[in-house]
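Numbering (my numbering), first residue to last: 958 to 1406.
We treat Cβ as the ideally placed atom computed from N, Cα and C, and that holds for glycine.
Fair warning: this is a prediction, and the values are worked out from it, not measured in the lab.
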Amino acid sequence: MLPNLIFQLCGLQSFVARGSSLASSLALLWCVANVLLYATALAFCFIERRWLFVDRRNRGINFIPFIKCSITIVAHLVVLIEALLARNAYRAFGERLTRVDGTLEKLTTSGGDILRQAERRYRNKLLLFMTFVCATELAILRMVYPDPVQQAIWCLTVSSLIVTRMKHLHHAHHIDRLTARFVILREQLERLCDVGTPSANEGHLGEQWLPGGIAGKRKNELDVLHRPSGVGYVPMTACLKGQASLQEAPSDRTAGSLQAEHLRRMFLVKGTYLALWHAGKDLNGCCVYSQLANLLQNFIQCTCDLYSMYSLLYLNQFEDIFGFILSVVATFAALGIVLAACENCKNQVGQMGQLLHKRHGDEGDWLAKMVENFSLLLQHTPIYFSLGGFFDMDFILLKEMAAAITTYMVIFIQFMPKDESAIVDATVGNTTMAVVPISTSTISTSSTQ
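Structure (structure tokens):
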């Protein structure tokens, strides 16, 4: 599968789901090698900080590019380390979904088509995002090409930026897998609520079935209460086993077996939902620290990039803003993809809850009671995506991040130096160093003109 291969090359998946033990060992060794490599890159960043992030006004270092470069590599290391530590948890997650797929095959034969279609959509989304990110980084490289220091910083951070963004896509991949299975459950539940409704069965069977073996049509609740005493009440366990009362007519036994099949399918739907809910809960625990570090890196990068964009606008250096815009758009695109996946999954479960209100029955309708019980289950155990309780993964997080970035931007602008040369020195080299170095002589010439 192409997405799994891409994630293994990025070091985000340290095992092969359906491969040999040798392939899983190679993926594990590759992830360990990436950890050692970028630990060395982080050490180099700290050792050579006076050469990489020199401040042209004095002999110190420029803080903005230094903190951006270091936090990007640190986030990359956290992502790789958690991929190693959560290796067995991700493997258990995949095995749980495989068991769920076996249960879904008992419910429908069209589930495989839905899963393949979901995989195809995700693969296209992943390839499109990778193309955009690679084009963005190549454009930034072209802008910083004349300066060897900027090239060195770009080489240090480009792979870390790509992998941290791909971590959002890796998280979205597992959420999309859950969503596809919730779609199958929703379709099966819709069929049960439509076919199993007594009013719908009247036109299909020519009679209304009740577990007590009553074939007469009920016009109102008074008729239901005056049930013939000669007919024995059949418990739900007997319905599930296909057993019927001895006094039932052949047509009643046919309706009873149909209702027993509906109850069996309802039990499968409920059990599958609980399995998927636990799978989502396990997924929340697999990527807590990596996604927290990732969000911190996204916040710092976007804040610094927007501050640098404002500084360049203040200096009328419009040709250098393009690199910052590309970097911010790529980061927010990756974050938006994973948040949209979370919202889509929760919407599918919400639609399941709305379908349950379509089923109506009396006190003897066991399927109606099962539907009511499942409705309470959905209300008390909704699907959710969280990062250790710190943040809920939904669009509200994106709004809160944008508000926090705006707040910090206002604070930074208040302390922004008004001297143009100071702004230039603070701005040069920021992003993955997406800005071509700006000479002070060029600014002084343009100001005299």
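For residue j and residue i, the rounded distance between their alpha carbons
i: G1069; j: F1139; result: 13 Å
i: N1273; j: M1266; result: 10 Å
i: A1049; j: C1299; result: 21 Å
i: A998; j: Q970; result: 21 Å
i: T1338; j: K1303; result: 12 Å
i: V1057; j: Y1047; result: 15 Å
i: N1045; j: L1215; result: 42 Å
i: I1097; j: I1110; result: 12 Å
i: T1009; j: T1093; result: Looking at the sequence provided, one finds Leu at residue 1009 rather than Thr. Cα to Cα, the separation comes out at about 22 Å.
i: L1283; j: L1292; result: 14 Å
i: Y1341; j: G1310; result: 15 Å
i: E1147; j: W1234; result: 19 Å
i: L962; j: T1121; result: 17 Å
i: A1361; j: A1217; result: 55 Å
i: S1268; j: L1333; result: 55 Å
i: G1237; j: G1051; result: 11 Å
i: L1041; j: S977; result: 18 Å
i: T1055; j: Q1254; result: 34 Å
i: S979; j: I1278; result: For clarity, residue 979 is Leu in the given sequence; the question names Ser instead. Straight-line Cα distance between these residues: approximately 47 Å.
i: F1352; j: F1281; result: 23 Å
i: I1141; j: Y1079; result: 17 Å
i: A996; j: P960; result: 26 Å
i: V992; j: L986; result: 10 Å
i: S982; j: C1002; result: 30 Å
i: V919; j: L1113; result: The requested residue 919 is not part of the displayed model; the chain covers only 958 to 1406.
i: N1301; j: E1076; result: 15 Å
i: F1369; j: M1350; result: 28 Å
i: M1087; j: A1290; result: 11 Å
i: M958; j: T1363; result: 41 Å
i: R1053; j: L1270; result: 53 Å
i: I1004; j: G1059; result: 54 Å
i: V1245; j: V1036; result: 10 Å
i: S1116; j: E1357; result: 28 Å
Under the three-state DSSP convention, the category residue i falls into
i: I1132; result: helix
i: D1070; result: helix
i: S971; result: coil
i: S1343; result: strand
i: D1351; result: coil
i: E1005; result: coil
i: Q1274; result: coil
i: F1372; result: coil
i: A1043; result: coil
i: C1302; result: helix
i: C1259; result: helix
i: M958; result: coil
i: C1244; result: coil
i: S977; result: coil
i: T1288; result: helix
i: T1065; result: coil
i: T1338; result: coil
C-beta contact flag for residue i and residue j at 7 Å
i: N1479; j: K1124; result: The structure shown does not extend to residue 1479, since the chain is modelled only from 958 to 1406, so the question has no answer here.
i: R1143; j: Q1308; result: yes
i: L1072; j: A984; result: no
i: L1312; j: H1219; result: no
i: V1285; j: C1259; result: yes
i: L1090; j: A1287; result: One detail in the question is off: residue 1090 reads as Val in this sequence, not Leu. Result yes, Cβ atoms of V1090 and A1287 sit closer than 7 Å.
i: R1006; j: F1023; result: yes
i: C988; j: G968; result: yes
i: E1039; j: S1343; result: no
i: L1354; j: F1348; result: yes
i: Q964; j: H1128; result: According to the sequence provided, residue 964 is Phe. The question's Gln does not apply to it. In this structure, H1128 does not lie closer than 7 Å to F964 by Cβ.
i: H1131; j: L1231; result: no
i: L1149; j: M1223; result: yes
i: M1366; j: L1263; result: yes
i: C1243; j: A974; result: no
i: Q1145; j: V1226; result: yes
i: K1025; j: C1261; result: yes
DSSP bridge partner residues for residue i (one or two, in chain order)
i: I1018; result: V1011
i: D1104; result: According to DSSP, D1104 bridges with nothing at all.
Touching by the beta-carbon criterion (3+ pairs, under 8 Å), the segment 1020-1037 and the segment 1046-1065:
Judged by pairs of C-beta atoms under 8 Å, the segment 1020-1037 does not touch the segment 1046-1065, as fewer than three such pairs exist.
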